[in-house]
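Line by line, the protein sequences give chains A and B. In this text, residue positions in the first sequence follow the numbering used here: the first is 727, and each later residue adds one. In this text, residue positions in the second sequence follow the numbering used here: the first is 204, and each later residue adds one.
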Amino acid sequence: KNQVEQSPQSLIILEGKNCTLQCNYTVSPFSNLRWYKQDTGRGPVSLTIMTFSENTKSNGRYTATLDADTKQSSLHITASQLSDSASYICVVSALTGGGNKLTFGTGTQLKVEL
Amino acid sequence: KAGVTQTPRYLIKTRGQQVTLSCSPISGHRSVSWYQQTPGQGLQFLFEYFSETQRNKGNFPGRFSGRQFSNSRSEMNVSTLELGDSALYLCASSLERQGAKSPLHFGNGTRLTVT
C-alpha cells in the first residue's frame with residue numbers, strides 16, 4: 727500500500743532558527759515528490775517538485791532533498807520567519823496505468839514564535 | 204493571472220440535503236482535481252477531470268460526483284449529505300494531468316458544514 731509519513735507532526739521554533747521536516751514514503755513506482763505549504767484557511771501552495779534524478783531543489787529559504795534509494799525527503803527552512811507558520815505537506819506521485827496517482831502525507835504543523 | 208476560484212467559500216447544510224460546489228481553474232489549465240481535507244485524514248483525492256472527462260477517481264461513495272464543462276470549469280456534487288461529509292473541499296488545476304511534473308494550483312476551498 728502506498729503511504730507517505732511525515733515527521734514531526736508539529737514543531738515550534740523561534741524566529742530566525744532553522745528547521746528540517748521529514749517525509750518517508752513507500753510509493754511505487756515513483757514519479758515525483760512535492761512539498762506544499764498550506765496557511766490556515768488557504769489552499770496549499772507548491773514549494774518544490776522533484777523527480778527521481780533530482781537530489782536537491784531550492785525555493786528561496788526552502789530547500790528540499792530527495793534520496794530515492796532510501797525513499798526519504800526532507801524540507802529545510804533557513805532563517806525562519808513568522809510567515810513560515812503553516813502546515814507543510816509532502817505529496818508523492820506514482821506512475822499507474824491510469825495516469826499518476828498522488829499520495830498525501832498528513833503534514834507537519836510548524837509554528838514560528840518570537 | 205487569476206488563480207483558482209472556488210465558490211462558495213462557506214456552506215452550511217443539513218443531513219440528507221445535497222450540495223454543489225464550483226471551481227474555476229487558471230486560464231489554460233485543462234486538469235481539475237478535487238480533494239477533501241479533514242483534520243484527521245489530511246487531503247484525500249476525490250476525482251480528476253481532464254478535457255471534460257473523468258480520468259481518475261478516489262475511494263469515495265457514489266454520492267460524490269462531478270463534471271467539467273468545455274471552458275474547464277468544474278462542479279462537484281454531494282447528495283444525501285452525512286455529518287461525516289463536513290470538511291474543507293479543495294479544487295486544484297494544472298496544465299497537465301495531476302501527478303505529472305506540473306504543479307497543482309489550489310483554490311482556497313469551500314468549507315462545508317453538515318448539521
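Quick reminder that beta carbons are idealized off the backbone N, C-alpha and C, glycines included.
Following the continuous beta strand (DSSP E) through residue i, name the residue where it begins and the one where it ends.
i: residue 253 of chain B; result: 245-253
i: residue 258 of chain B; result: 256-260
i: residue 272 of chain B; result: Segment: none, residue 272 of chain B is in no beta strand (DSSP E) and carries neither H nor E.
i: residue 314 of chain B; result: 313-317
i: residue 818 of chain A; result: 812-822
What's the gap between the Cα of residue i and the Cα of residue j?
i: residue 789 of chain A; j: residue 802 of chain A; result: 5 Å
i: residue 207 of chain B; j: residue 740 of chain A; result: 33 Å
i: residue 231 of chain B; j: residue 251 of chain B; result: 16 Å
i: residue 743 of chain A; j: residue 804 of chain A; result: 7 Å
i: residue 794 of chain A; j: residue 770 of chain A; result: 24 Å
i: residue 276 of chain B; j: residue 235 of chain B; result: 8 Å
i: residue 721 of chain A; j: residue 284 of chain B; result: No answer is possible for residue 721 of chain A: the residues shown for chain A start at 727 and end at 840.
i: residue 233 of chain B; j: residue 731 of chain A; result: 30 Å
i: residue 811 of chain A; j: residue 317 of chain B; result: 29 Å
i: residue 837 of chain A; j: residue 733 of chain A; result: 14 Å
i: residue 259 of chain B; j: residue 745 of chain A; result: 36 Å
i: residue 738 of chain A; j: residue 839 of chain A; result: 7 Å
i: residue 243 of chain B; j: residue 822 of chain A; result: 27 Å
Would you mind stating whether residue i and residue j have Cβ atoms separated by less than 8 Å?
i: residue 830 of chain A; j: residue 245 of chain B; result: yes
i: residue 209 of chain B; j: residue 225 of chain B; result: yes
i: residue 762 of chain A; j: residue 773 of chain A; result: yes
i: residue 835 of chain A; j: residue 735 of chain A; result: yes
i: residue 222 of chain B; j: residue 291 of chain B; result: no
i: residue 267 of chain B; j: residue 286 of chain B; result: no
i: residue 749 of chain A; j: residue 784 of chain A; result: no
i: residue 302 of chain B; j: residue 813 of chain A; result: no
i: residue 306 of chain B; j: residue 296 of chain B; result: no
i: residue 255 of chain B; j: residue 273 of chain B; result: yes
At a cut-off of 7 Å, is residue i close to the ligand MG when judged by its beta-carbon and the heavy atoms of the ligand?
i: residue 830 of chain A; result: The ligand content of the structure shown is nil, which means the ligand MG is not present either.
Do you know whose CA, among the options, lies nearest residue i's CA?
i: residue 727 of chain A; options: A:738, A:751, A:733 and A:737; result: A:751
i: residue 782 of chain A; options: A:817, A:759 and A:823; result: A:759
i: residue 218 of chain B; options: B:296, B:282, B:264 and B:271; result: B:282
i: residue 768 of chain A; options: B:305, B:212, B:279 and B:304; result: B:212
i: residue 776 of chain A; options: A:757, A:823, A:753 and A:838; result: A:757
i: residue 264 of chain B; options: B:239, B:274, B:272 and B:254; result: B:239
i: residue 271 of chain B; options: B:204, B:215 and B:228; result: B:228
i: residue 241 of chain B; options: B:309, B:293, B:308 and B:280; result: B:293
DSSP puts residue i in a beta bridge; with which residues?
i: residue 792 of chain A; result: A:799
i: residue 746 of chain A; result: A:802
i: residue 772 of chain A; result: A:762
i: residue 284 of chain B; result: BP columns for residue 284 of chain B are empty, so no partner.
i: residue 223 of chain B; result: B:280
i: residue 236 of chain B; result: B:251 and B:295
i: residue 839 of chain A; result: A:740
Contact set between the region 792-808 of chain A and chain E, restricted to residues whose Cβ is under 9 Å from the partner: In the displayed structure, chain E is absent; the protein chains listed are A and B.
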